[in-house]
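Chemist: Structure provided below as structure tokens; questions to follow.
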Amino acid sequence: MERIPVSVIVMTKNEESNIAKCLAGLTDFAEVFVVDSRSTDNTCAIAESYGAKVVQFDWNGRYPKKKQWCLKELPCTYPILLYVDADEEMSPELAEEIRACLPKFSQGYGGAFVGFDYVFAGKKLAYGHRVFKLVLVHQASSEFLDYDDLDAANMWEVEGHYQPAIKGRTFALKHRMLHDDHDSLYHYFDKHNRYSDWEAQLRSKGLMNDPREANLGLRSMMKKVLDNLPFKPLISFLHSYILKFGFLDGAAGFHYAMARATYYWQIGLKMDELAARKQTKLVRPGVVTARPATKESAT
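Mapping of the sequence shown onto full-length UniProt numbering: residues 1 to 299, in sequence order.
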């Protein structure tokens with residue numbers, strides 16, 4: 001059978017623990033780019049051994065960031081692009097569903113959402129909160145928006161947790177991709193600590209959930225409702241652990257729900273910190289500010 005006429009984009013930086021399993025699931029696709037950010041491990045060598053086209057990306061600290069740069073600058077052979085993270089794994093069923101859905105892109109559709117199964121604390125979760133990402137896109141119909149986030153703490157080169165803007169309709173695929181990060185939980189929490197810095201900054205500016213982003217209808221509405229509710233960490237825990245039956249995943253389901261709640265708790269706390277900094281000029285530890293001169297000290 002002919003390979004699937006889609007250009008796959010895998011973005012990497014020091015992903016030697018993940019990249020082999022990722023690329024092993026992409027062999028049915030006609031073109032695979034690994035867009036690397038000067039990895040110092042064996043990521044690039046492994047990618048080349050799988051026949052991927054390795055391209056280096058050097059971020060200049062401005063826009064475009066990495067996803068948008070790939071969208072506009074990579075010499076892709078095919079008009080349909082698939083974004084895959086290095087810690088994600090394609091299934092044969094999803095690959096064939098992608099092959100079958102390609103005619104939709106000539107019928108007014110600009111992108112497709114893919115759902116994800118998560119491995120957390122060593123277990124593949126069957127329940128709990130589910131993530132959908134718009135990762136299959138028509139190159140000419142897609143754009144990753146500039147979010148005015150370059151001043152966010154611990155800013156990095158890849159766009160944050162938001163969907164691209166799409167010209168045309170979107171649809172959702174039935175089969176899922178697997179998210180299985182082979183790095184440690186330290187890596188997971190370190191990464192989400194940076195994500196929460198970014199999200200707190202954007203929420204403080206009122207910039208989250210740009211209406212130009214593509215979103216699944218009901219999920220988009222639920223996201224807006226959740227964003228405006230008080231006690232968001234508690235609600236997110238109950239949503240994942242109780243309403244989405246996360247308790248059926250045992251200890252891993254509990255830990256995943258707690259991790260999600262902790263993420264939102266971090267965002268709220270960091271937003272409070274940002275608000276306080278706007279109201280009060282913070283003094284760095286160990287720095288003594290001069291007091292205004294009084295009559296006594298001036299004489």
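Every residue, glycine too, gets a C-beta built ideally from N, C-alpha and C.
To which residues of the same chain is residue 148 closer than 7 Å at the C-beta, ignoring the five residues directly before and after it?
Modeler: 205, 207
Chemist: Can a CB atom of chain D be found closer than 9 Å to the CB of residue 274?
Modeler: Protein chains in the displayed structure number just one, and chain D is not present.
Chemist: Do three or more CB pairs link the stretch 169-188 to the stretch 246-254 at distances below 8 Å?
Modeler: no
Chemist: Under the rule that 16 or more other beta-carbon atoms within 10 Å means buried, what is residue 269, buried or exposed?
Modeler: exposed
Chemist: For the candidate residues 111, 143, 150, whose alpha-carbon lies nearest to that of residue 137?
Modeler: 111
Chemist: Take the Cβ of residue 246 as the centre, count every other Cβ of all protein chains shown within 10 Å, and call the residue buried at 16 or more, exposed below.
Modeler: buried
Chemist: When you compare only the Cα positions, how much space is there between residue 232 and residue 84?
Modeler: 29 Å
Chemist: In this structure, does DSSP put residue 130 in helix, strand or coil?
Modeler: Of the three classes helix, strand and coil, the one that applies to residue 130 here is coil, per DSSP.
Chemist: Cα separation between residue 24 and residue 169?
Modeler: Going from the Cα of residue 24 to the Cα of residue 169 covers about 31 Å.
Chemist: Within the continuous beta strand (DSSP E) that includes residue 53, where are the two ends?
Modeler: 53-56
Chemist: Tell me, to the nearest whole angstrom, how far the beta carbon of residue 171 is from that of residue 244; I am working on the premise that it is less than 8 Å.
Modeler: Incorrect: roughly 23 Å between the Cβ atoms, too far for contact.
Chemist: From this set, 13, 46, 4, 89, which residue's C-alpha is nearest residue 59's C-alpha?
Modeler: 13
Chemist: Hey, quick one: how far does the alpha helix (DSSP H) through residue 103 stretch, first residue to last?
Modeler: No alpha helix (DSSP H) holds residue 103; DSSP gives it neither H nor E.
Chemist: Measuring alpha carbon to alpha carbon, tell me which of 130, 129, 156, 166 ends up nearest residue 145.
Modeler: It is 166 whose Cα lies nearest to the Cα of residue 145.
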